[in-house]
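Please read the structure below before turning to the comments.
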Amino acid sequence: MSYQFKLPIFEGPLDLLLHLIKEQKMDIHDIPINDITKQYLQYLDLMQDLNLEVAGEYLVMAAELTRIKSKILLPVQKRPHEEEGDEGTDPRAELARRLMDYRRFKDAAFKLRQMEHERQQIFTRHAPVEIPEQDEEEREETLVDATVFDLFSAFKKVLDQKSFHKDYEIEITTLSVTDRIRGVLGRLNQVESLSFEALFDEATTKQEVIVTFLAILELMRMKLARCQQSKHFETIRLYLDSDREKQEAALKDFKDPEPHTIPPVTDEAS
1 MSYQFKLPIF EGPLDLLLHL IKEQKMDIHD IPINDITKQY LQYLDLMQDL
51 NLEVAGEYLV MAAELTRIKS KILLPVQKRP HEEEGDEGTD PRAELARRLM
101 DYRRFKDAAF KLRQMEHERQ QIFTRHAPVE IPEQDEEERE ETLVDATVFD
151 LFSAFKKVLD QKSFHKDYEI EITTLSVTDR IRGVLGRLNQ VESLSFEALF
201 DEATTKQEVI VTFLAILELM RMKLARCQQS KHFETIRLYL DSDREKQEAA
251 LKDFKDPEPH TIPPVTDEAS
């Protein structure tokens, strides 16, 4: 029985499109629909490979991208009343408008959260407080939360960099997400933070890499750890966000109904 992983912190398909556009430095008003569709479908394939439950809205967006791509490929038939050079509306225009509106709302929400955070750092005092000047190196670096899609991008890089042993024998490898969660927490309890890539140092098979990634997603969902980076597309680091008492309580309630069973991956399936 396969392990079905449900992650409520997933953003929607528009978030994924914005992530891809930002990552590839595309112009939102001139989206290369062929490239964006290909990359979008690659992410959906990766989610399915991980046994992640893909919401129907992701598939609807995939169908919409395919429709736009097909419409662009078809020759434009000019109607009798249209003037020379008038080729009608760009099929990408509506998608670009939706992305622009959605990005505005996301930016506004981020600014409101930032203002709330800054307000929480203000404490009223009756006497003036002198704050000593700090060197540039001593100033605390501002971190931003890594999104789920930032993690997916980092995960794809880990898979590309790993060289797995070729295995043509049909075997069943049983790995426990719970065990990997405890392993990651054990390392985080000993250090201040770990880079995303360092969490996969001991993984020698694709199965181990996948289960480790699922464990990281579960740690975020249970709010036992947080993933942050200095800015988007920079190195992601995992920070502990709980004490041992909270960790044990969360793991006690965590249900791993079936060990994560993954068939061996051969070259043909890679």
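Heads up: the sequence shown runs through residues 1 to 270, numbered per UniProt numbering.
Glycine included, C-beta positions come from ideal geometry on N, C-alpha and C.
Once DSSP output is grouped into helix, strand and coil, what is the label at residue i?
{"i": "L224", "result": "coil"}
{"i": "V158", "result": "helix"}
{"i": "V191", "result": "coil"}
{"i": "R237", "result": "strand"}
{"i": "Q24", "result": "coil"}
{"i": "D201", "result": "coil"}
{"i": "L52", "result": "strand"}
{"i": "L16", "result": "helix"}
{"i": "D145", "result": "strand"}
{"i": "L74", "result": "coil"}
{"i": "V265", "result": "Here V265 scores only 43 on pLDDT, less than 50, and its place in the model should not be relied on; the value that follows carries that caveat. In this structure, V265 counts as coil in the three-state DSSP scheme."}
In angstroms with no decimal places, state the Cα-to-Cα distance between residue i and residue j.
{"i": "residue 274", "j": "Y102", "result": "The structure shown does not extend to residue 274, since the chain is modelled only from 1 through 270, so no value can be given for it."}
{"i": "V177", "j": "A250", "result": "14 angstroms"}
{"i": "M26", "j": "R244", "result": "44 angstroms"}
{"i": "L219", "j": "F213", "result": "10 angstroms"}
{"i": "E64", "j": "F152", "result": "22 angstroms"}
{"i": "L16", "j": "L238", "result": "22 angstroms"}
{"i": "A109", "j": "Q120", "result": "17 angstroms"}
{"i": "T89", "j": "T66", "result": "17 angstroms"}
{"i": "residue 285", "j": "S70", "result": "No answer is possible for residue 285: the residues shown for the chain start at 1 and end at 270."}
{"i": "K156", "j": "L52", "result": "15 angstroms"}
{"i": "D86", "j": "E94", "result": "Low confidence applies to D86: its pLDDT is 46, below 50, so where it sits in the model is not reliable enough to give any reading."}
{"i": "I31", "j": "K246", "result": "45 angstroms"}
{"i": "D201", "j": "D241", "result": "22 angstroms"}
{"i": "E116", "j": "F233", "result": "25 angstroms"}
{"i": "R113", "j": "D107", "result": "10 angstroms"}
{"i": "G183", "j": "E118", "result": "35 angstroms"}
{"i": "residue 307", "j": "T204", "result": "Because the chain here runs from 1 to 270, residue 307 falls outside it and cannot be looked at."}
Are any of the Cβ atoms in chain D nearer than 7 angstroms to that of residue i?
{"i": "L17", "result": "Among the protein chains of the structure shown there is no chain D, as only one such chain exists."}
In its own chain, which residues sit with a C-beta less than 8 angstroms from the C-beta of residue i, not counting the 5 before and 5 after it?
{"i": "D49", "result": "I210"}
{"i": "F254", "result": "T178, I181, E218, M222"}
{"i": "I236", "result": "A146, D150, L151, A154, S195, F196, C227, Q228, Q229"}
{"i": "L159", "result": "K206, V209"}
{"i": "E57", "result": "G12, P13"}
Given a threshold of 16 other Cβ atoms within 10 Å of its Cβ, counted over all protein chains shown, does residue i qualify as buried or as exposed?
{"i": "Q161", "result": "exposed"}
{"i": "P13", "result": "buried"}
{"i": "D145", "result": "exposed"}
{"i": "M100", "result": "exposed"}
{"i": "D150", "result": "buried"}
{"i": "A215", "result": "buried"}
{"i": "V60", "result": "exposed"}
{"i": "Q190", "result": "exposed"}
{"i": "R139", "result": "With a pLDDT of 47 at R139, under the threshold of 50, the predicted position of this residue should be treated as unreliable, though the coordinate-derived value follows. R139 comes out exposed."}
{"i": "L74", "result": "exposed"}
{"i": "A225", "result": "buried"}
What does a CB cutoff of less than 7 angstroms around residue i pick up in its chain, not counting 5 residues either side in sequence?
{"i": "H29", "result": "A96"}
{"i": "A62", "result": "Y40, L41, L44"}
{"i": "I122", "result": "none"}
{"i": "N34", "result": "K69"}
{"i": "R187", "result": "L194"}
Who are the Cβ neighbours of residue i in its own chain at under 6 angstroms, not counting the five residues just before and after it?
{"i": "P91", "result": "I68, K71, I72"}
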